[in-house]
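Enquirer:
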Amino acid sequence: MLTGGGARSAYQVGVMRAVADLLPRDAPTPFHVITGTSAGAIVAANIATYATHFRAGAVTLERVWRNFHVDQVFRTDTPQMLLAGVRWMAALLSVGRLASPPDSLFDNAPLRRLLERRINFSRLRDALATGHLDVLAISAAGYSSARSFAFYESRAHPAGDALPWSRCVWTELGIDHLMASSAVPFLFPPVLMHDQYFGDGAMRQVTPLSPAIRFGADRLFIVGVRHDHKQTPRTMDAAATPSFGKLFGFMLDTLFMDSLHASVAQLERLNRLVAQSSVPNPEGLRHIDSLVLVPHADLSAIAARHARQMPRTVRALLRIIGAADRGGSELLSYLLFESGYTRELIALGYADTMARRDEVAALLEPGVRTAAGDHLTRRCRRRPSAITD
-2 MLTGGGARSA YQVGVMRAVA DLLPRDAPTP FHVITGTSAG AIVAANIATY ATHFRAGAVT
58 LERVWRNFHV DQVFRTDTPQ MLLAGVRWMA ALLSVGRLAS PPDSLFDNAP LRRLLERRIN
118 FSRLRDALAT GHLDVLAISA AGYSSARSFA FYESRAHPAG DALPWSRCVW TELGIDHLMA
178 SSAVPFLFPP VLMHDQYFGD GAMRQVTPLS PAIRFGADRL FIVGVRHDHK QTPRTMDAAA
238 TPSFGKLFGF MLDTLFMDSL HASVAQLERL NRLVAQSSVP NPEGLRHIDS LVLVPHADLS
298 AIAARHARQM PRTVRALLRI IGAADRGGSE LLSYLLFESG YTRELIALGY ADTMARRDEV
358 AALLEPGVRT AAGDHLTRRC RRRPSAITD
């Protein structure tokens, strides 16, 4: 399960590369059910399309993210940025009579072109047909229905009464689903599909673990993108009024992570209930193992060190909304699709995974679809190879 996080998802790329180095070189994916939200959906789709050769998918994914630039995700040229600013100003001054505001702050057409070149959904269907993968699910939130849905593709089209969850929609997945899942409100435009507009899958996603569990997963490997360091009120700057950039970054941080931590805590409580019950499967519950990997470092602080890599036009916009200083680094950490930042996050994800390689091996080994389970455990105790370009 891969959560959302914009540029922060480079951390997930590092985790996937580390998992690849823990597996036999030619191993298929150890993940039978793959779910993703927002930028995590893009990482998930790439991993799923290489289900027959997990390492090849992880290396390909890493190569793209190590060489990322912002203009591969959204337009940063001066005319485009000025046009968007003029439209916003005209809409405000005329109360919407002379011009309507743009659909979003940024034009993410470059991301669509990148995904069309990199994500091969026919490869996904081959993996499903051969049994290397059971399900790929991508979450997106409908603006009309005000609900988060898990759009998924599996080996067979289920009957209407066999859907695992009322918010599951079986479909042939495509680029639109990835664009919708990663359409952060206000930043990127919503996507019209399935007869309504959809946006970022983290919206209205109260129980983010549900799709994977409903699709039959009995072990969860969860990769988040926010460190779990707890701050006390005394560490916060109470004197400074938060800028719009600070508030928007705070909103994104809450959108992508708070429901995840709550769901994991609920899962742990249910596991204890199952363990303490004298009745097998009380109320239909079952024990589900989970391993949660999150950064041990503050990604906002890392982003602040790489802020000058942002194109000048974007830096100017961030200054206008008050997100150019350290107080706005949370927003910056989601938008900084630049190689210096993404490479540091990839290395961090790799190191965090290797630091917990025994736990990762214990979770993944029963699901490895090769006869190399012992080999996996042995490799976990060796010194990992370095990340390559």
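Each step along the sequence shown adds one to the number in the working numbering, with nothing skipped, and position 209 is 206. For glycine and all other residues, C-beta sits at the position ideal for the given N, C-alpha and C.
Taking the runs of the beta strand (DSSP E) that are 3 residues or longer, which of them lie wholly in the stretch 281 to 344?
Expert: The stretch 281 to 344 contains these whole beta strand (DSSP E) runs: 286 to 290.
Enquirer: Contact defined as beta carbons within less than 8 Å: I believe L130 pairs with I172. What is the distance between those atoms, to the nearest angstrom?
Expert: So it is not a contact: roughly 19 Å between Cβ atoms.
Enquirer: Quick one: grab the DSSP three-state call for R231.
Expert: At R231 the pLDDT is 49, less than 50, meaning the model places this residue with poor confidence and gives no usable figure here.
Enquirer: Identify which residue in Q77, M13 and T238 has its Cα closest to the Cα of Y47.
Expert: Here the closest residue by C-alpha is M13.
Enquirer: Where does G198 fall in DSSP's three states?
Expert: Three-state result, G198: coil.
Enquirer: In this structure, how does DSSP classify I116 when only helix, strand and coil are distinguished?
Expert: I116: coil per DSSP, three-state reduction.
Enquirer: Per the DSSP calculation, F146 is bridged to which residue(s)?
Expert: Note: F146 sits in a beta bridge opposite A137.
Enquirer: By a C-beta neighbour count over all protein chains shown, 10 Å radius and 16 as the cutoff for buried, is F51 buried or exposed?
Expert: Counting Cβ neighbours within 10 Å, F51 comes out buried, since at least 16 surround it.
Enquirer: Could you tell me the alpha carbon to alpha carbon distance between R110 and F71, rounded to whole angstroms?
Expert: Roughly 11 Å separates the two Cα atoms.
Enquirer: Is it buried or exposed for Q9, if we count other Cβ within 10 angstroms and need 16 for buried?
Expert: That one is buried.
Enquirer: A298 and S336 - do their beta-carbons sit closer together than 8 Å?
Expert: Taking 8 Å as the Cβ cut-off, S336 and A298 do not qualify as a contacting pair.
Enquirer: Count the other CB atoms, across all protein chains shown, that sit within 10 Å of the CB of F247; report buried if there are 16 or more and exposed otherwise.
Expert: When all chains shown are included, F247 counts as exposed.
Enquirer: Here's a check: name, in chain order, each residue in its chain whose Cβ is nearer than 6 Å to the Cβ of L(-1), leaving out the five neighbours to either side.
Expert: Correct list, in chain order: Q9, G33, G37, V40, A41 and V220.
Enquirer: When we look at the beta-carbon of E356 and count the other beta-carbons within 10 Å, is it buried (16 or more) or exposed?
Expert: Looking at its Cβ environment, which holds fewer than 16 other Cβ atoms inside 10 Å, E356 is exposed.
Enquirer: For the stretch 100 to 109 and the stretch 17 to 35, state whether three or more C-beta atom pairs, one from each stretch, are separated by less than 8 Å.
Expert: No, the stretch 100 to 109 is not in contact with the stretch 17 to 35.
Enquirer: Sort F241, L102, T204 and Q193 by Cα distance to F185 and report the nearest one.
Expert: Answer by Cα proximity: L102.
Enquirer: Does DSSP classify R164 as helix, strand or coil?
Expert: Coil.
Enquirer: Which term fits T238, buried or exposed, when burial requires 16 or more other beta carbons within 10 angstroms of its beta carbon?
Expert: Flag for T238 reads exposed.
Enquirer: Report yes if the C-beta distance between F195 and V203 is below 8 Å; otherwise report no.
Expert: No, they are not a contact pair.
Enquirer: In angstroms with no decimal places, state the Cα-to-Cα distance between E341 and L288.
Expert: In a straight line, the C-alpha of E341 is about 23 Å away from that of L288.
Enquirer: Report the rounded CA-to-CA distance for T65 versus V166, giving the unit in angstroms.
Expert: In the sequence on display, residue 65 carries Phe and not Thr. Looking at the two C-alpha atoms, the distance is approximately 32 Å.
Enquirer: Hey, could you find the ends of the beta strand (DSSP E) F28 is sitting in?
Expert: Where F28 is concerned, there is no enclosing beta strand (DSSP E), given that its DSSP letter is neither H nor E.
Enquirer: Is the beta carbon of G1 less than 8 Å from the beta carbon of D197?
Expert: Going by C-beta atoms, G1 is nearer than 8 Å to D197.
Enquirer: Whose C-beta lies closer than 8 Å to the C-beta of H174 among residues of the same chain, with five residues either side of it excluded?
Expert: Counting only Cβ-Cβ distances below 8 Å, and skipping sequence neighbours, we find A38, I135, A137, F148, T168 and M190.
Enquirer: Could you spell out where the beta strand (DSSP E) holding V220 opens and where it closes?
Expert: Looking at the DSSP string, the run of the beta strand (DSSP E) that includes V220 is R216 to V220.
Enquirer: If you draw a straight line from the alpha carbon of N268 to that of D123, how long is it in whole angstroms?
Expert: If you take the alpha carbons of N268 and D123, they lie about 35 Å apart.
Enquirer: For P76, is the classification buried or exposed, using 16 other Cβ atoms within 10 angstroms of its Cβ as the cut-off for buried?
Expert: By the 10 Å Cβ count, P76 comes out exposed.
Enquirer: Name the DSSP bridge partner or partners of M190?
Expert: Beta-bridge pairing links M190 to Q193.
Enquirer: Which of the three DSSP states, helix, strand or coil, is assigned to T238?
Expert: Of the three classes helix, strand and coil, the one that applies to T238 here is coil, per DSSP.
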